[in-house]
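What follows is a single structure, written as structure tokens, with notes after it.
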Amino acid sequence: MDHFNYRDGALWAEDVPLTRIAAEVGTPVYVYSTATLTRHFGLFRQALEWTDHLVCFAVKANSNLAVLKLMGDLGAGMDVVSGGEYARAKAAGVPGDRIVFSGVGKTLAEMRQAIEGGIRQFNIESEPEMRALSALAASMGAEVPIAVRVNPDVDAKTHEKIATGKSENKFGIPIARAREVYAEAAALPGLKVVGIDVHIGSQLTDLDPYRQAYAKVAELTQVLRGDGHAITRLDLGGGLGIPYRRDNNVPPLPLEYGQVIRDAVGHLGCEIEIEPGRNIVGNAGVLLSQVIYVKEGEGRNFLIVDAAMNDLLRPAMYGAHHDIVPVVEPVAGSEGRSFDVVGPVCESGDTFQKGTSLPDMAAGDLIAFRSAGAYGAVMASEYNSRPLVPEVLVSGDQFAVIRARPTYEDMLARDSIPGWL
Ligand code: LLP
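Residues in the sequence shown are numbered consecutively from -10, following the numbering used here.
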């Protein structure tokens, strides 16, 4: 459930009509709902209330400071994968002991930043990384908590670009090698083994891959404990999918996911961490856009809108589907027209949807791309020198611009022309 609904003939975010945001902030613009974010976070919490846990919001899904502050104030931890994300989490007021650092290529500078700023745990992805962290921590006189990310070789049954738990993926250490790696970790200075980490992919719509992966983690926990390691924490990753189409195929709910976790690892008495991103913020956001032209092509109509692939990359990059809805509520029973919805960027790949049915549209009409809160603004670029799309947060009947639209001057000011030109 989200808080984007038709009211008085138009689409609203909570108690704010999207037409008002379009008029005051302009389009394209991302709009997020506080009530939806809060509700979704609460569902994960509820799903794990049977045990000690920390829900670490995956910052990569949406890293706006206001979103992170909202999450942090609700009690969330953060899963970060870069120094930049770490800096954002800290700037949003999240204490270091609620920040988990994941990612295959942490640099020494990033590790140092997190050790100095405080860290809950590093999720280690390779032996070279583990040795580098050990040497750095020891040189700083620190002892840092670590979990080793194991690759369970499980098919997450999701898009190949976002599956991470198969042996051919670059992530984690093959689970078969885990015992040697933990033995080395225990012997290295500067490291304190606290747990095991796993993450098998994103937009999972089936709980079975989780069952398989978590069963392997449970088994490994017992084996490692037998070897003398204190495994007190399990980080079970993120990845629970969301319904991108409102009409079918609803993925499992956080509560069902929590039950899978309980069944698989509940008996071990470990503290549980999870790292959901998309499920919390995906359906808490829309991308609001305006029709520039309706162009009649050969046997097809193009709806040329002011949002483009640089603003919402997922359709071009993964062939992803985002429901497109008119902001003016369609009259029930009225005939739709078929449109190819495209952006202004000079590539045929700048196509959001082909042959989608919408009411008759005219220049100036507003549309909303649903489910755009996750991996939307964060993946945006300035391709075609289109300034980064702004972001707005709604709460009840109020809204605030949480990232302003850069002016052309802002955009140009980052470049400089060397003196010899
Ligand atoms: N933890 C780790 C270690 C991850 O790699 C990811 C996502 C997450 C948590 C959060 O997964 P989520 O709950 O959001 O599914 N850009 C792609 C998604 C890439 C996901 C990468 N890792 C997309 O737009 O679909």
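We put the CB at the ideal spot given by N, CA and C, even for glycine.
Cα-Cα, which of the options is closest to residue i?
| i | options | result |
| --- | --- | --- |
| L59 | V206, L410, V383 | V383 |
| V275 | I293, E285, R359 | R359 |
| A207 | E245, D252, P241 | D252 |
| K159 | V170, H188, A126 | H188 |
| D312 | M400, P319, I356 | I356 |
| Q342 | N238, Y19, F291 | F291 |
| S327 | R289, T340, L302 | R289 |
| G344 | G286, E264, M368 | G286 |
| A81 | A389, D62, N238, S405 | D62 |
| G247 | E318, D295, T40, V5 | T40 |
| N373 | L177, N238, A2, D339 | D339 |
| P178 | L122, H148, H218 | L122 |
| G15 | Y397, I406, V381 | V381 |
| L301 | V320, P333, I281 | P333 |
Would you mind reading off the limits of the beta strand (DSSP E) that contains residue i?
| i | result |
| --- | --- |
| D329 | 326 to 331 |
| N140 | 133 to 140 |
| R234 | R234 -> no beta strand (DSSP E), and no H or E assigned at all. |
| S346 | 340 to 347 |
| A357 | 355 to 358 |
Output the distance between the C-alpha atoms of residue i and residue j, rounded to the nearest integer angstrom.
| i | j | result |
| --- | --- | --- |
| G408 | A402 | 16 angstroms |
| G230 | D195 | 8 angstroms |
| D68 | I113 | 13 angstroms |
| H29 | T23 | 10 angstroms |
| R222 | I269 | 22 angstroms |
| G190 | L410 | 48 angstroms |
| N140 | G308 | 26 angstroms |
| E260 | G(-2) | 48 angstroms |
| E105 | N53 | 23 angstroms |
| A65 | F388 | 23 angstroms |
| E116 | Y171 | 10 angstroms |
| R138 | G72 | 19 angstroms |
| K79 | Y(-5) | 37 angstroms |
| D354 | V316 | 8 angstroms |
| S278 | L7 | 10 angstroms |
| G215 | K49 | 36 angstroms |
| R168 | Y199 | 22 angstroms |
| T25 | A127 | 43 angstroms |
| G255 | A352 | 56 angstroms |
| G85 | V44 | 14 angstroms |
| C335 | A297 | 10 angstroms |
| L244 | H42 | 14 angstroms |
In the DSSP assignment, find the unbroken alpha helix (DSSP H) run with residue i in it and report its ends.
| i | result |
| --- | --- |
| I220 | Per DSSP, I220 belongs to no alpha helix (DSSP H) and is neither H nor E. |
| K159 | Per DSSP, K159 belongs to no alpha helix (DSSP H) and is neither H nor E. |
| Y75 | 72 to 80 |
| E99 | 97 to 106 |
| V174 | According to the sequence shown, residue 174 is Ala rather than Val. Its alpha helix (DSSP H) spans residues 167 to 176. |
| L129 | Looking at the sequence provided, one finds Met at residue 129 rather than Leu. Per DSSP, M129 belongs to no alpha helix (DSSP H) and is neither H nor E. |
Report the partner residues of residue i according to the DSSP bridge assignment.
| i | result |
| --- | --- |
| D186 | R138, D224 |
| M67 | F46, I88 |
| N(-6) | W1 |
| I406 | BP columns for I406 are empty, so no partner. |
| I293 | Y282, V331 |
| A55 | Its beta-bridge partners do not exist; DSSP assigns none. |
| V18 | L277 |
| S384 | Q387 |
| L193 | L229 |
Using three-state DSSP, classify residue i as helix, strand or coil.
| i | result |
| --- | --- |
| I250 | helix |
| V378 | coil |
| K181 | strand |
| Q35 | helix |
| I313 | strand |
| E389 | The sequence shown places Ala at residue 389, rather than the Glu named in the question. Here A389 sits in strand by DSSP. |
| G271 | helix |
| N112 | strand |
| Q279 | strand |
| V367 | helix |
| V260 | The residue you asked about is not Val; residue 260 is Glu in the sequence shown. Correct three-state label for E260: strand. |
| H117 | The amino acid occupying residue 117 in the given sequence is Pro; His does not appear at that position. P117 falls in the helix class under three-state DSSP. |
| V212 | helix |
| P198 | helix |
| L229 | strand |
| V320 | coil |
| V206 | helix |
| L301 | coil |
| A361 | coil |
| P6 | strand |
| A152 | strand |
| L242 | coil |
| A24 | helix |
Is residue i close to chain D? Criterion is C-beta to C-beta, closer than 8 angstroms.
| i | result |
| --- | --- |
| P117 | Chain labels in this structure do not include chain D; a single protein chain is all it has. |
Tell me whether residue i, by its Cβ, gets closer than 7 angstroms to a heavy atom of the ligand NAD.
| i | result |
| --- | --- |
| N268 | Ligands displayed in this structure: the ligand LLP; the ligand NAD is not among them. |
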